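Visitor: I'd like to ask some things about the structure below.
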Amino acid sequence: MVVEIKSVNHRFLDMNLKLPRTLGFAEDAIRSAVKAAVSRGHLEIFVNYEREKSGSVGLDAELARDYCVMAKKAAMTYGVENDFGVSSLFRMPDVVCVKEQDEDEKAVLDLVARAVGEALEGLIAMREKEGGMLRRDLEEKAANISAFVDKVEKLAPKSVEEHKERMRERITELLGDVAFDEARLMNEAAFYADKVAIDEEIARLRSHVRHFLDVCGGEGAMGKKLDFIVQEMNRETNTIGSKCSDKDIAQCVIDAKCEIEKVREQVQNVE
């Protein structure tokens, strides 16, 4: 018996099982074994089984006797020699038949369990190998997002100062040599700084990245949790982008969103 399992990514567990009719009684056992080992993915399961040749040759004595009687009557009726012998008899339909022995279902189920178990071990080993590569890729992308956050944090104070200078230049341009209230300018700058403050968003985004890395380094199913964290990362990045008009920060936000989107796509492949 040979069991082959092919797997592609899928949000849920979906099985397409192909097995011989003679193994129909084993279908539930196969599905249960797969469900116990795999939680998601589209699986194509092929079961090939060739049973050993076993059985006995039987003779339908009543049918054989009827053939012999008919041959004898035909010879007498038509006045011909009766040359209907054993070799002729055995060539007649249904006189000789091979009776196959019934298989022991328990023994077959044990054989199925071993074959399916080996196939699942191979599938899980392959998934673990692919998972290790995927984990390293996700960790690298998370590090890139952290680098963008660091850059935005450094650029944020500069953005406020540049806005204050633009306000000063605009007022000077409008009033010329007329004196203006410096304190009022500072208040306006402070109001702007409070309006565009992104300290909380940066702190939350950093926290999400750390949480993402912690989950990546864990064991067991993590796909749904990672997907949720990525959504939160994207939310904070969007908020930063909506608050800041600085072109350098805007570029960092675009780069971060591109990296987050790559992570989101990869996370769909995580169980």
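Just so you know, we're using my numbering here: the sequence shown kicks off at 764 and counts up by one. Just so you know, even glycine gets a beta-carbon here, dropped at the ideal spot from N, CA and C. What you are looking at is a predicted structure, and each value in this text was computed from that prediction instead of being measured.
#1: Report the rounded CA-to-CA distance for residue 870 versus residue 877, giving the unit in angstroms.
#2: By how many angstroms is the C-alpha of residue 875 removed from the C-alpha of residue 786?
#3: Around the C-beta of residue 985, are 16 or more other C-beta atoms found within 10 angstroms, so that it is buried, or is it exposed?
#4: Given that a residue counts as buried once 16 or more other Cβ atoms are within 10 Å of its Cβ, and exposed if not, what is residue 896?
#5: Taking only three categories from DSSP, how would you classify residue 764?
#6: Would DSSP call residue 775 helix, strand or coil?
#7: Taking Cβ positions, are residue 989 and residue 972 nearer each other than 8 Å?
#8: Does residue 831 come out as helix, strand or coil in the three-state DSSP assignment?
#9: Please look up how many angstroms separate the CB atoms of residue 859 and residue 820, rounded, as I've assumed it's under 8 Å.
#10: Can you tell me the Cβ-Cβ gap for residue 996 and residue 976, rounded? I've got them flagged as a contact below 8 Å.
#11: Where does residue 858 sit, in a helix, a strand or coil, going by DSSP?
#12: Assuming residue 974 and residue 992 form a contact by the criterion Cβ under 8 Å, report the distance between their Cβ atoms to the nearest whole angstrom.
#13: Starting from the Cα of residue 779, find the closest Cα among 1021, 966, 794, 879 and give me that residue.
#14: Among the residues of its own chain, which have a CB less than 6 Å from the CB of residue 1027, if the five just before and after it don't count?
#15: For residue 845, which residues in the same chain have their Cβ closer than 7 Å to its Cβ, ignoring the five residues on either side in sequence?
#16: Can a CB atom of chain D be found closer than 8 Å to the CB of residue 886?
Guide: For this structure:
#1: Sequence index remark: in the sequence shown, residue 870 carries index 107 (1-based). Sequence index remark: in the sequence shown, residue 877 carries index 114 (1-based). So the alpha carbons of these two residues sit roughly 11 Å apart.
#2: Along the sequence shown, one-based indexing puts residue 786 at 23. Along the sequence shown, one-based indexing puts residue 875 at 112. Going by the C-alpha atoms only, they are around 9 Å apart.
#3: The count along the sequence shown starts at 1 and reaches residue 985 at position 222. The residue in question, residue 985, is buried, as its Cβ has 16 or more Cβ neighbours within 10 Å.
#4: What you label residue 896 is simply residue 133 of the sequence shown in a count that begins at 1. So residue 896 counts as exposed.
#5: Within the sequence shown, residue 764 is the residue found at index 1, counting from 1. Under the three-state reduction of DSSP, residue 764 is assigned to coil, being neither helix nor strand.
#6: By one-based count along the sequence shown, residue 775 stands at place 12. If DSSP states are grouped into helix, strand and coil, residue 775 belongs with coil.
#7: Position 226 of the sequence shown, counted from the start, is the residue given in the question as residue 989. Position 209 of the sequence shown, counted from the start, is the residue given in the question as residue 972. No, Cβ-Cβ distance for residue 989 and residue 972 is not below 8 Å.
#8: Translated into the one-based positions of the sequence shown, residue 831 becomes position 68. Helix at residue 831.
#9: As a position in the sequence shown, residue 859 is number 96, starting the count at 1. As a position in the sequence shown, residue 820 is number 57, starting the count at 1. That pair is a contact at about 6 Å.
#10: Here residue 996 is taken as the residue at index 233 of the sequence shown, counted from 1. Here residue 976 is taken as the residue at index 213 of the sequence shown, counted from 1. Actually they are not in contact, since the Cβ atoms of residue 996 and residue 976 sit about 12 Å apart, beyond 8 Å.
#11: Indexing the sequence shown from 1 puts residue 858 at position 95. In this structure, residue 858 counts as coil in the three-state DSSP scheme.
#12: The sequence position of residue 974 within the sequence shown is 211, counting from 1. The sequence position of residue 992 within the sequence shown is 229, counting from 1. 6 Å between Cβ atoms; contact.
#13: Taking the first residue of the sequence shown as 1, we reach residue 779 at position 16. Of the listed residues, the one whose Cα sits closest to residue 779 is 794.
#14: On the sequence shown, residue 1027 is found 264 positions in, with the first residue counted as 1. Closer than 6 Å at the Cβ level, and outside the excluded window around residue 1027, lie 993.
#15: Here residue 845 is taken as the residue at index 82 of the sequence shown, counted from 1. So the qualifying residues of the chain are 834, 835, 838.
#16: No chain D appears in this structure, which consists of one protein chain only.
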